[in-house]
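Peer 1: Below are the structure tokens for one structure; questions will follow.
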Amino acid sequence: MFSFQPNTRIRPSPFFQAAVADGLKMANVYNRMVMPTSYGDPEGEYWRLINGVSQWDVGVERQIQLKGPDAGKLAQILSPRDLTKCAVGQGKYVALCNHRGTIINDPILLKLADDLYWFSIADSDVELWAGAIAAERGLNVEISEPDVSPMALQGPKAEDVVAHVLGDWVRSLKYFWFRETEIEGIPVAVQRSGWSKQGGFEIYLRDGTKGTQLWNIFKEAGKPWDIGPGAPATPERVESGLVSVGGDTDDMTNPFEVRLEKYVDLYVPDDVVGIKALRCIKAEGVKRHQLGVILEGDTPAPLGMQREEIQVNGKSVGMLTNCVWSYRMKANIGFGLVQSDIAAGTEVTVSRAKGPVSARLVELPFL
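Our numbering numbers the first residue of the sequence shown as 802 and each following residue consecutively.
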């Protein structure tokens, strides 16, 4: 049974009670909220995502709202990606950087109107960051965290479940595009997105009092497709090469080092935060890059509380930033952030808690 001691520093999401009722066993803290991570059957939850449809409480994925005449201007100043052609109803993946070009968050930007944007953020306080930049630039924009909480349906059968609830129009939604609508009177925005490569949608609940009701609507609708609970904590994200900012990055990592170059437009205006530094980094040459690591061994050996050193011939060349057991590959796999002159195919040694382990570097994604 899951137990949680409530306090004013850590909040539950609107779906928390529904997650507990569905057997929540483990959780983490993310954006000062409770993030479900397991319902007690990690392998079963993994295969449900790979083969069926998994229902996730991702209310921890907070929205930072920019509203007002300068909302679009601020969105661009914060984003080293060209937003000039971003349409209402469109979302874009963005690598937010500080003035040094270090990646500090990787939200999905949603444009709801010309004067209204959401940043659907990962784990760091973008509201404070955006507020400071807006004040420093003298912009006319209100920054807030609205009552918006996503629930995800992920897996190859997710589209059938969402279409069953909302209609076949969802099948034509392009990736990261969204539509505002209602489900039994509950206001939502529906976007084709999610932290997996198995396909799916995120349902942005816009009334926090309706979390259990919305959860149960999709739970009931998904029964013919054998829906069940899960969380964005399975090995699938590593197999698929999805980056976890703050986990796979450190306080010096730039987007080029972690395969996010295509989300950086070096021609955006000079007033975009970090763009001048990113231009310099690109011109001077990127010093590190991210590769996959396949470790020897036939038993699960996840990464602990610290990153682990990667060596070549006894010399440190980088670090292992995550490690999980892949049920499909039958191996421990992870990401290595290593010197850029170390190529895929290189045999390496990883300094693990129980001693050195041989491994091989490969291109990402694994699968």
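Beta carbons: idealized from backbone N, C-alpha and C, even for Gly. Bear in mind the structure is a predicted one, so any value in this text is a computation, not a measurement.
1) Hey, could you find the ends of the alpha helix (DSSP H) D961 is sitting in?
2) Using three-state DSSP, classify L929 as helix, strand or coil.
3) So R993 and Y976 are in contact, right, with Cβ under 8 Å, and what is the actual spacing, rounded?
4) For R980, report the span of its beta strand (DSSP E) as first-last.
5) Assuming P1033 and W1126 make a contact with CB atoms under 8 Å, what is their CB distance in whole Å?
6) Measuring only the C-alpha atoms, how far is I878 from G841?
7) Straight-line CA distance for V781 to L1096?
8) In this structure, how does DSSP classify C887 when only helix, strand and coil are distinguished?
9) Counting only the same chain and skipping the five closest in sequence on each side, list residues whose C-beta sits under 8 Å from that of D1052.
10) How many angstroms separate the CA atom of A872 from the CA atom of D1066?
11) When the distance is taken between beta carbons, is D907 closer than 7 Å to G1047?
12) Please confirm if the stretch 803-816 is in contact with the stretch 985-1003, defined as three or more CB-CB distances below 8 Å between the two stretches.
13) Does the count of Cβ pairs from the stretch 1017-1028 and the stretch 848-855 closer than 8 Å reach three?
14) Let me check understanding here. Comparing Cα to Cα, which of N941, H900, D883 and T1013 lies closest to G892?
15) Along the chain, which unbroken stretches of the alpha helix (DSSP H) at least 4 residues long are found entirely within the stretch 1010-1071?
16) Which residues in the same chain have their Cβ closer than 8 Å to the Cβ of E1170, if we skip the five residues on either side of it in sequence?
17) Going by DSSP, name the residue or residues bridged to C898.
18) Give the secondary structure of E1003 by DSSP, where H, G and I count as helix, E and B as strand, and everything else as coil.
19) Hey, could you find the ends of the beta strand (DSSP E) E1097 is sitting in?
20) Could you tell me which residues DSSP puts in a beta bridge with V1113?
21) Taking only three categories from DSSP, how would you classify F817?
22) Compute the distance between the beta-carbons of S1041 and S950, then report whether it is under 7 Å.
23) For H1090 and R1060, I'd like the C-alpha separation in whole angstroms.
24) Taking 7 Å as the threshold (C-beta atoms), are R849 and M834 in contact?
25) Would you report the Cα separation of R901 and D1071, rounded to the nearest angstrom?
26) Tell me which residues share the same chain as A819 and place their Cβ nearer than 7 Å to its Cβ, disregarding the 5 neighbours each side in the sequence.
27) Using 7 Å as the limit for Cβ to Cβ distance, is K1024 near chain C?
28) Between the Cα of L825 and those of V1039, A959 and P837, spot the shortest distance and give me the residue it belongs to.
29) Can you tell me whether DSSP reads G956 as helix, strand or coil?
30) Rounding to the nearest angstrom, what Cα-Cα distance links Y894 and I1082 in this structure?
31) Need the endpoints of the beta strand (DSSP E) that A1132 sits in, please.
32) Are W919 and L929 closer than 7 Å when you measure CB to CB?
33) Given P1056, which residues of its chain have a CB within under 6 Å of its CB, disregarding the five upstream and five downstream residues?
34) Restricting to Cα atoms, I'd like to know which of K1155, V1094 and N1133 is closest to T1100.
35) Between K1113 and V1163, how many whole angstroms is the CB-CB distance? I'm expecting something under 8 Å.
36) For S921 and E862, which I take to be in contact (beta-carbon distance under 8 Å), what is that distance rounded to the nearest angstrom?
Peer 2: Walking through what the data contain:
1) A959 to L967
2) helix
3) 5 Å
4) Residues F979 to I984.
5) Incorrect: roughly 17 Å between the Cβ atoms, too far for contact.
6) Distance between the alpha carbons of I878 and G841 is about 43 Å.
7) Since the first and last residues shown for the chain are 802 and 1168, residue 781 lies out of range.
8) coil
9) These residues qualify, in order along the chain: T903.
10) 20 Å
11) no
12) no
13) yes
14) D883
15) 1012-1022 and 1037-1040
16) Because residue 1170 is not part of the residues shown, which for the chain are 802 to 1168, the question remains open.
17) Answer by DSSP bridge pairing, in chain order: I904.
18) strand
19) Element bounds for E1097: n/a, residue is neither H nor E.
20) K1116
21) helix
22) Between S1041 and S950, the CB-CB gap reaches or exceeds 7 Å.
23) Cα-Cα distance, rounded: 8 Å.
24) no
25) 14 Å
26) G1012, T1013, W1016 and N1017
27) Protein chain content of the structure displayed is limited to a single chain, and chain C is not contained in it.
28) P837
29) coil
30) Roughly 21 Å separates the two Cα atoms.
31) A1132 to Q1140
32) The criterion of a C-beta distance shorter than 7 Å is not satisfied by W919 and L929.
33) A distance below 6 Å between beta-carbons, with the five flanking residues on each side excluded, links P1056 to the following residues of its chain, in chain order: A896, I904 and V1065.
34) N1133
35) Note that residue 1113 corresponds to Val in the displayed sequence, not to Lys. Contact doesn't hold; Cβ gap of about 15 Å is too wide.
36) 6 Å
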